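Chains A and B, in that order, give the protein sequences. Under the numbering used here, the residues of the first sequence are numbered 1 to 433, in order. Under the numbering used here, the residues of the second sequence are numbered 1 to 433, in order. Yeah, the Cβ is synthetic: ideal placement off N, Cα and C, and Gly gets one too. It should be emphasised that the depicted structure is a prediction, and the values quoted were computed from it without experimental measurement. In what follows, a structure is listed as structure tokens, so that the remarks can point back to it.
Protein chains: 2
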Amino acid sequence: MIKITQTARARAGEITPQMELVAEKEAASSEFIRTGVAAGRIVIPANINHPALKPIGIGRSLTTKINANIGNSTLSSCPALELEKLRTALGYGADTVMDLSTGANIVNIRKTIIANSPVPIGTVPVYEALSRVSSSEELNDELIVGVIREQAKQGVDYITIHAGLLLEHVPLAKRRKLRIVSRGGSILAKWMTTHNRENPYYTNFDRILEICAEYDVTISLGDGMRPGCLADASDRAQFAELGVLGELVSRCRAAAVQVMVEGPGHIPLDEIEMNMKREQELCDDAPFYILGPVVVDCAPGYDHITSAIGAALGAFHGAAMLCYVTPKEHLGLPNAEDVRNGVIAYKIAAHAADIGRKRPGARDRDDAISDARAGFDWEKQFDLALDPARARQLRDESLREQNISEEPPQDGKKSYCTMCGPEFCSMRISSEL
Amino acid sequence: MIKITQTARARAGEITPQMELVAEKEAASSEFIRTGVAAGRIVIPANINHPALKPIGIGRSLTTKINANIGNSTLSSCPALELEKLRTALGYGADTVMDLSTGANIVNIRKTIIANSPVPIGTVPVYEALSRVSSSEELNDELIVGVIREQAKQGVDYITIHAGLLLEHVPLAKRRKLRIVSRGGSILAKWMTTHNRENPYYTNFDRILEICAEYDVTISLGDGMRPGCLADASDRAQFAELGVLGELVSRCRAAAVQVMVEGPGHIPLDEIEMNMKREQELCDDAPFYILGPVVVDCAPGYDHITSAIGAALGAFHGAAMLCYVTPKEHLGLPNAEDVRNGVIAYKIAAHAADIGRKRPGARDRDDAISDARAGFDWEKQFDLALDPARARQLRDESLREQNISEEPPQDGKKSYCTMCGPEFCSMRISSEL
């Protein structure tokens, strides 16, 4: 096997251009990045066939990253719409994007996305495999491995494979309220029980490692048993699979293939810290890439908020990357506006965690916007906002509703904001102390 | 002094009708509520002149409560609009409402609000006092105490008074990036430094206690020094005031007046637990009523989300009531739609904390909606949602965008959801295991 992965090169003592770039972005030394990559605590998803990529590092010693999922369904498909979602996700600051398309034109949509994306692109290969056959029963080893090879060649930076959900785990899922809510997990479980055979990702793991090593595709070990509701959280099914994921992390590292681990899901607030620690122990500190977690089941339409709460706490306790959840979660396919709301909610969660973990410089932007507030400098506040357009829009709406044609004139620090009017402006009054 | 307050009656061994109602709502024994009220760990804001009230209990041994602020500004005022905001806040589940009006018609707006509100109504009396004079310098003891007496007589259930911000604390605020962002706090600080006199709430505290005891008005000790940005969090100014609030809690309890304590503000994620514990120690476990806290300064337009993260964590660590923050925070006056978004974000935060604190029955609604999901019962999911209209709206939007005219027909458990289509519906596939 040719040793071209970041892991292999880091172990050989080489500081790659990708490591240099990550070090610069993280204000860390390149040696710090190299040792992290060598040990597997940091991954840099960077397929050798993705020339548009500007690499990022993922690991709990770095700033928290966020991922945005896009992709069509079998019921609707429009490449232009997916490109619009990609641009929205990138524009608001997604660090990686997963194309979860399951419908028509999967290959061409992904080709367009990879060509247009400076951020790492992830996929769930079993979706494409399933799209090529008429039912999940017809999946087979060659198809599954073949799709991974094609995607690796095409330039996919990381792939989610649910290799830890074994045949013996399936009965554990049947006791649950919501059984298996992972699409990939449910497809594999159905296949395994139909054929009474072991998970094909698991039985073909060495072949998959060879492919990933060849193109430096990072493996993201999917959690097919992630709980789909609070009642199913932190149960035997979830942790039985996590134990297998820990073993697979070791096999990836032995093959010098980069690996991260995916996590829940729906988890109550009091179990989030325990879940983060458990992964760090069982998976030897492989970067943890979590979905939410959603901390309340009963707020469809607001799951970007229910999950941002869980995500902030997850990252604070060590998750390395947060997969966003949009307001459409549990309801339908997100559109571009949902992508925007999801990305911003997750930028907030990641940023809150980075401030709480005292990452160097994490609070600089906040201090700058606070200075702008103290100086009644609205334009600067908008410029520093995570979503300047939204801030301006709400400000304009408020002025219009109060029939105020423009901001009050500034007179040194003696201005005031129209939220309270001059007599009740705390900022103005306290500037006079 | 006639001993009519809930505190006095609880100490005398009486279980009042208000305590009975609270016990019923909380699924607790009335004796548990009585001892909590007697000790001051629980308050039941219930002015004897608020006949429309359906009492609630506030304390960290009970379910987490949320407050919604409404009210006009000196720049715009419309009683009908405030009533619309009140109905929105009540409709989405606010447990208390504060009328923060500073503009025209304060007395009449409040009268309408109290008459129409089954939930406790709070105010900040210094706003009305200031509205009666031409500048904050003209405030005086008689005006301040007089306004409190009138509001108490009118039926206000709780009043925020910034009695702990002393003259000696003002220099501490001058070192801050944002000095004093509490409106009441800044008005009092300005008055104190102008006249070189002590805080009039502090010097008149015994007279205020007499009024509150007469009508059973609950005192909410305001935190005039709450930090207005992360850079000012957990500083000397904030904790110097909190120490005084602790002394004032003792004086309230000695007078058998119900009391809670208000808290920050802007606090980084890693300091929230410490802030909750500090209040419990310094204020002898008086119910802590916190504003947010906002955990990120740079997301104007999304502060309902930045603060819901902090609020969930605050309640998890012991805050008893959460004052909502709307998307308009830092930008303008909220309208009815902002009130809706703020209330729902805080229902989520409070609910997440109650589940995390394992309050009896806290997860029932979540389990029910999860069962509805497992059964593909969309109507039941909507009915159980915190905001059914929003969930329906997003669902309809998604169906429309995918050109699907209606939900797929149900066929026992063999239905599927249009998010993924039948081949990729994890719920459908795993129901077949």
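Following the continuous alpha helix (DSSP H) through residue i, name the residue where it begins and the one where it ends.
i: B/Ser443; result: Since the displayed chain B opens at 1 and closes at 433, residue 443 of chain B lies outside it and no answer follows.
i: B/Asp366; result: 364-374
i: A/Val126; result: 125-131
i: A/Phe288; result: No alpha helix (DSSP H) contains A/Phe288, which is instead part of the beta strand (DSSP E) from 288-291.
i: B/Asn341; result: 336-356
i: A/Leu63; result: The amino acid at residue 63 of chain A is misidentified as Leu; the sequence shows Thr. No alpha helix (DSSP H) holds A/Thr63; DSSP gives it neither H nor E.
i: B/Val37; result: 30-39
i: A/Leu90; result: 79-92
i: A/Val325; result: Looking at the DSSP string, A/Val325 is not in any alpha helix (DSSP H), and its letter there is neither H nor E.
Return the first residue and the last residue of the beta strand (DSSP E) that residue i is part of.
i: B/Gly263; result: 259-263
i: B/Ile161; result: 158-161
i: B/Met427; result: First-last for B/Met427: 426-431, but that is the alpha helix (DSSP H), not the beta strand (DSSP E).
i: A/Asp303; result: It is not in any beta strand (DSSP E) - A/Asp303 instead sits in the alpha helix (DSSP H) that spans 303-316.
Answer with yes or no whether the minimum CB distance from residue i to chain B is below 8 Å.
i: A/Val296; result: yes
i: A/Met419; result: yes
i: A/Thr102; result: yes
i: A/Glu401; result: yes
i: A/Tyr302; result: yes
i: A/Ile70; result: no
i: A/Met427; result: yes
i: A/Ser405; result: no
i: A/Ala336; result: no
i: A/Lys413; result: In this predicted model, A/Lys413 has a pLDDT of only 49, less than 50, meaning its place in the structure is not dependable; the value taken from the coordinates is given anyway. Not one chain B Cβ lies under 8 Å of A/Lys413.
i: A/Ile342; result: Checking the sequence shown, residue 342 of chain A turns out to be Gly, not Ile. Chain B, which has no Cβ nearer than 8 Å to the Cβ of A/Gly342, makes this no.
i: A/Arg395; result: yes
i: A/Leu221; result: no
i: A/Gly332; result: yes
How would you call residue i, buried or exposed, if buried means at least 16 neighbouring beta carbons within 10 angstroms?
i: A/Met274; result: exposed
i: B/Arg60; result: buried
i: B/Gln6; result: buried
i: A/Val147; result: buried
i: B/Ala52; result: exposed
i: B/Pro118; result: exposed
i: A/Gln258; result: buried
i: A/Val244; result: buried
i: B/Lys413; result: Low confidence applies to B/Lys413: its pLDDT is 49, below 50, so where it sits in the model is not reliable enough to give any reading.
i: B/Arg132; result: exposed
i: B/Gly91; result: exposed
i: B/Lys3; result: exposed
i: B/Gln381; result: buried
i: B/Asn72; result: buried
i: A/Gln393; result: exposed
i: A/Arg183; result: buried
i: B/Thr203; result: exposed
i: B/Ala256; result: buried
Would residue i count as contacting chain A if we go by Cβ distances under 8 Å?
i: B/His169; result: no
i: B/Lys174; result: yes
i: B/Gln151; result: no
i: B/Val37; result: no
i: B/Thr193; result: yes
i: B/Ala129; result: no
i: B/Pro45; result: no
i: B/Lys190; result: yes
i: B/Ala254; result: no
What residues of chain E sit near residue i, judged by a beta carbon separation below 9 Å?
i: A/Asp367; result: The structure shown contains no chain E; its protein chains are A and B.
Regarding residue i and the ligand SAM, is the C-beta to nearest heavy atom distance less than 7 Å?
i: B/Val133; result: With respect to small molecules bound, the structure shown includes none, and the ligand SAM cannot be examined in it.
Requested in this report: Quick one: which unbroken alpha helix (DSSP H) runs of 4-plus residues sit fully inside the region 203-241 of chain B? Chain order, please.
Outcome: With a minimum length of 4 residues, the unbroken runs of alpha helix (DSSP H) contained wholly in the region 203-241 of chain B fall at 205-215.
Query raised in the report: Below 8 Å, can you find three or more Cβ-Cβ pairs linking the region 122-142 of chain B to the region 21-36 of chain B?
Result: The region 122-142 of chain B makes no contact with the region 21-36 of chain B, as fewer than three CB pairs between them are under 8 Å.
Requested in this report: Report yes or no: do the region 229-249 of chain B and the region 365-384 of chain A share at least 3 C-beta pairs separated by less than 8 Å?
Outcome: Output reads yes: the region 365-384 of chain A touches the region 229-249 of chain B.
Query - alpha helix (DSSP H) segments (min. 4 residues) lying fully within the region 142-204 of chain A - result: Unbroken alpha helix (DSSP H) stretches of 4 residues or longer found wholly inside the region 142-204 of chain A: 170-174, 183-195, 200-203, given in chain order.
Query raised in the report: Touch check for the region 283-302 of chain B and the region 325-337 of chain B: three-plus C-beta pairs under 8 Å?
Result: Segment contact: the region 283-302 of chain B against the region 325-337 of chain B, three or more CB-CB distances shorter than 8 Å; contact assigned.
Query raised in the report: Touch check for the region 307-323 of chain B and the region 349-358 of chain B: three-plus C-beta pairs under 8 Å?
Result: The region 307-323 of chain B is in contact with the region 349-358 of chain B.
Requested in this report: Evaluate contact between the region 168-176 of chain B and the region 185-198 of chain B, counting only Cβ atoms and requiring at least three cross-stretch pairs below 8 Å.
Outcome: Segments in contact, yes.
Report task. Take every Cβ of the region 389-407 of chain B, pair it with every Cβ of the region 148-166 of chain A, and state whether three or more of those distances are shorter than 8 Å. Result -> Fewer than three beta-carbon pairs drawn from the region 389-407 of chain B and the region 148-166 of chain A are found closer than 8 Å, and the two stretches are therefore not classed as touching.
Requested in this report: Check whether the region 337-346 of chain B touches the region 355-369 of chain B, counting contact only when three or more Cβ pairs, one atom from each stretch, lie closer than 8 Å.
Outcome: The way I'd put it, the region 337-346 of chain B doesn't touch the region 355-369 of chain B; fewer than three beta-carbon pairs between them come closer than 8 Å.
Query raised in the report: Are the region 283-300 of chain B and the region 36-51 of chain B touching by the rule of at least three beta carbon pairs closer than 8 Å?
Result: Of all C-beta pairs linking the region 283-300 of chain B to the region 36-51 of chain B, three or more are shorter than 8 Å, placing the two stretches in contact.
Query raised in the report: Would you say the region 102-112 of chain B touches the region 122-132 of chain B, given that touching needs at least three Cβ pairs under 8 Å?
Result: Because the criterion of three Cβ pairs below 8 Å is met, the region 102-112 of chain B and the region 122-132 of chain B touch.
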